[in-house]
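The block underneath contains the structure these notes are about, expressed in structure tokens.
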Amino acid sequence: MLTKRIIACLDVRAGRVVKGIQFVDIVDAGDPAELAHRHAAAGADEIVLLDITATHEGRSTLLDTVKRTAANLFVPFTVGGGIRSAEEAAAVFDAGADKVSINSAAIARPELIGEIGSSFGAQAVIVAIDARRAKSARDPVGEAEVYVSGGRKPTGRRVVEWAREAEQRGAGEILLTSMDCDGRRDGFDCELTRRVSKAVQIPVIASGGAGNAQHFAEVFKAGKADAALAASIFHFGITDSRALKGEVAAAGVPMRLPC
Amino acid sequence: MSIAVIDYKAGNLTSVVKALRYLGANDIVVTQSPEDVLRAAKVVLPGVGHFQATKLLHDLGLTSATREAVEKGTPFLGICVGLQWLYEGSTEAPETKGLAHFAGACERFPATEIKQVDGKEITGELKSPHVGWNSLEDIRPDSRLLAGIAPGSFVYYTHSWRAPVSADTAATTSYGGAFTATVERDNVMGVQFHPEKSAETGLRVLKNFLEL
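Those sequence lines, one after another, are chains A and B. Residue 1 is where the first sequence starts when you use my numbering, and the numbers rise one by one after that. Residue 1 is where the second sequence starts when you use my numbering, and the numbers rise one by one after that.
Structural data, given as structure tokens:
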């Protein structure tokens with residue numbers, strides 16, 4: 001049976017793993033390569049490394065960190081942050097990534113999705129969407145807005161529509177982060193995830209708000225997510241993936257166990 | 001004795017080569033040359049992406065080189081699209097012929113599936129591509145590639161087309177029905193999943209291949 005994926009996310013700044021609360025306050029959580037391997041050994045189904053300040057400061061992704069992290073890592077490995085062209089994506093693949101995640105650059109130039117896909121396959125292109133509910137709108141979820149540049153800039157684009165366009169342009173997966181929920185450990189935005197998941201055929205990875213196993217079970221069941229991502233929940237020893245997956249499986253969600 | 005990893009410009013070879021090296025294969029040739037394929041002790045055909053990309057194999061003379069290599073007994077492993085290429089073809093690119101070493105053609109996952117819910121059959125939507133960790137079932141006891149791997153072991157997939165189940169199928173996986181997860185007849189083998197991304201189970205598959 002196809003299982004739901006638990007993805008460990010490493011937010012990296014200047015070569016160190018960090019974790020912000022609602023995209024701002026930053027706390028140091030360690031070395032990316034070391035943490036990636038620890039997560040994989042502890043049962044994470046996949047590793048994502050996001051260079052969170054790359055777009056903001058105009059730096060390119062730290063290929064060195066990618067190379068070090070990818071060495072001897074035998075689960076899928078995604079890298080995002082500051083990838084603006086097919087050439088930059090190629091360099092990241094060359095360093096050992098299996099997929100790239102693009103965000104601001106895809107909004108700025110949606111053709112980029114197809115350009116990377118044509119060389120490396122659609123499965124290698126994740127379009128990341130940072131979303132915020134439209135609080136004053138009649139349908140805050142349906143009118144949820146896409147933000148770029150690390151959540152700093154609103155785009156005026158609706159989340160569901162952009163997800164659909166990304167799919168049509170050849171994205172292999174959608175990584176949907178709720179800025180409203182991010183860092184609070186109070187649960188994912190299940191309603192927003194469900195709307196996006198129903199709107200597209202490709203897998204949707206839910207992100208933002210993981211705090212406990214119940215939150216994961218909810219976003220898989222009610223939110224129809226295919227995968228869910230968490231960062232801070234793992235880094236400070238709250239739980240490891242294996243323990244988390246055991247609890248999620250007990251709630252009736254298929255998980256890769258033993259792992 | 002070298003291992004030829006065929007580069008036909010379909011996706012990323014880094015991960016496959018990295019995994020083979022990790023397992024101790026230090027003589028790896030990443031190549032587009034038919035001579036290298038004929039000379040190699042073993043041949044690996046990785047591949048993600050579109051079946052159309054395999055056209056390059058014909059254009060470069062790699063199809064006939066592969067046919068000759070496998071006839072003389074060289075172990076061959078196709079991964080993902082590399083497995084699909086071992087069949088007659090794929091509806092993904094009907095004009096492009098496969099090696100036709102195995103009978104049948106690859107088809108897309110159906111858009112719907114029949115599910116059992118509370119003892120009743122209902123038709124549900126089937127998402128495609130099939131992405132994620134799924135289990136190996138019906139493992140053929142005589143499979144050399146899957147030696148030591150227990151039924152129910154999980155491997156990582158990402159694909160929209162799949163090969164039919166036949167007598168050469170060495171393991172199946174279920175997604176909208178059973179499809180060929182592993183095909184194996186004598187020295188010719190293929191896996192639809194990505195062993196280089198399937199943790200310990202995947203490394204075991206590659207190790208089994210290296211030890212043939």
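Glycine residues also receive a C-beta, built at the ideal position from the N, C-alpha and C atoms.
{"Query": "Buried or exposed, going by whether 16 or more other CB atoms sit within 10 Å of the CB of Gly58 of chain A?", "Result": "With a pLDDT of 44 at Gly58 of chain A, under the threshold of 50, the predicted position of this residue should be treated as unreliable, and no value is reported."}
{"Query": "State the start and end residues of the unbroken beta strand (DSSP E) segment that holds Phe154 of chain B.", "Result": "Phe154 to His159"}
{"Query": "Using a Cβ-Cβ cutoff of 8 Å, what residues of the region 171–183 of chain B are near chain A? List them in chain order.", "Result": "Ser174 and Tyr175"}
{"Query": "Leaving out the 5 sequence neighbours to the left and right, which residues in its chain are closer than 6 Å to Ile233 of chain A when beta-carbon positions are compared?", "Result": "Ala210"}
{"Query": "Count the other CB atoms, across all protein chains shown, that sit within 10 Å of the CB of Leu145 of chain B; report buried if there are 16 or more and exposed otherwise.", "Result": "buried"}
{"Query": "State yes or no: is the C-beta of Glu173 of chain A within less than 8 Å of the C-beta of Ile126 of chain A?", "Result": "yes"}
{"Query": "Comparing the C-beta of Phe220 of chain A with each C-beta of chain B, is any distance below 8 Å?", "Result": "no"}
{"Query": "For Asp281 of chain A, count neighbouring Cβ atoms within 10 angstroms of its own Cβ and tell me buried if that reaches 16, exposed if not.", "Result": "Residue coverage of chain A in this structure runs from 1 to 259, which leaves residue 281 of chain A outside it and unanswerable."}
{"Query": "Given this structure, state the Cα-to-Cα distance separating Glu167 of chain A from Ile149 of chain B, to the nearest angstrom.", "Result": "36 Å"}
{"Query": "How is the alpha helix (DSSP H) around Asp142 of chain B delimited, first residue to last?", "Result": "Note, Asp142 of chain B: premise wrong, no alpha helix (DSSP H); not H, not E."}
{"Query": "Residues in its own chain within less than 8 Å of Arg39 of chain B by CB, not counting five upstream and five downstream?", "Result": "Ser2 and Ala4"}
{"Query": "Just confirm the distance between the C-beta atoms of Lys197 of chain B and Ser15 of chain B, as a whole number of angstroms; I'd bet it's less than 8 Å.", "Result": "6 Å"}
{"Query": "In the DSSP assignment, the beta strand (DSSP E) including Pro258 of chain A goes from what residue to what residue?", "Result": "It is not in any beta strand (DSSP E) - Pro258 of chain A carries neither H nor E in the DSSP assignment."}
{"Query": "Nearest-angstrom Cα distance between Arg84 of chain A and Ala147 of chain B?", "Result": "44 Å"}
{"Query": "Helix, strand or coil: how does DSSP classify Lys72 of chain B here?", "Result": "coil"}
{"Query": "Could you tell me the boundaries of the alpha helix (DSSP H) in which Gln54 of chain B lies?", "Result": "The question names Gln, yet the displayed sequence has Thr at residue 54 of chain B. Unbroken run through Thr54 of chain B: none, as it is neither H nor E."}
{"Query": "Cα separation between Ile52 of chain A and Tyr87 of chain B?", "Result": "44 Å"}
{"Query": "Counting only Cβ pairs nearer than 9 Å, list the residues of chain B close to Thr3 of chain A.", "Result": "Gly132, Trp133, Asn134, Ser135 and Phe154"}
{"Query": "Give me the chain A residues within the contact set of Ala199 of chain B, using Cβ-Cβ distance strictly less than 8 Å, ordered along the chain.", "Result": "Ala40, Phe74, Val75 and Cys259"}
{"Query": "How big is the Cα-Cα spacing for Ala105 of chain A and Gly82 of chain A?", "Result": "8 Å"}
{"Query": "Note down, in chain order, each residue of its chain lying with its Cβ closer than 7 Å to the Cβ of Pro75 of chain B, except the 5 sequence neighbours on either side.", "Result": "Lys42, Asn187, Phe209 and Leu212"}
{"Query": "Closer than 8 Å, CB to CB, is Ser15 of chain B near chain A or not?", "Result": "yes"}
{"Query": "Put Gly47 of chain B into one of helix, strand or coil per three-state DSSP.", "Result": "coil"}
{"Query": "What does the alpha-carbon distance come out to for the pair Val146 of chain A and Thr155 of chain A?", "Result": "6 Å"}
{"Query": "Applying a beta-carbon distance threshold of less than 8 Å, which residues of chain B neighbour Arg169 of chain A?", "Result": "In chain order: nothing, as chain B lies at least about 15 Å away."}
{"Query": "Exposed or buried, what is Pro203 of chain A when buried is set at 16 or more other beta-carbons lying within 10 Å of its beta-carbon?", "Result": "buried"}
{"Query": "Taking Thr69 of chain A as part of the alpha helix (DSSP H), name the residues at either end of that continuous run.", "Result": "Leu63 to Ala70"}
{"Query": "Would you check if the distance between the CB atom of Cys190 of chain A and the CB atom of Gly208 of chain A is smaller than 8 Å?", "Result": "no"}
{"Query": "Show which residues of chain A have a CB atom less than 8 Å away from the CB atom of Val44 of chain B.", "Result": "Within 8 Å Cβ-Cβ: nothing; Val44 of chain B doesn't reach chain A, min ~16 Å."}
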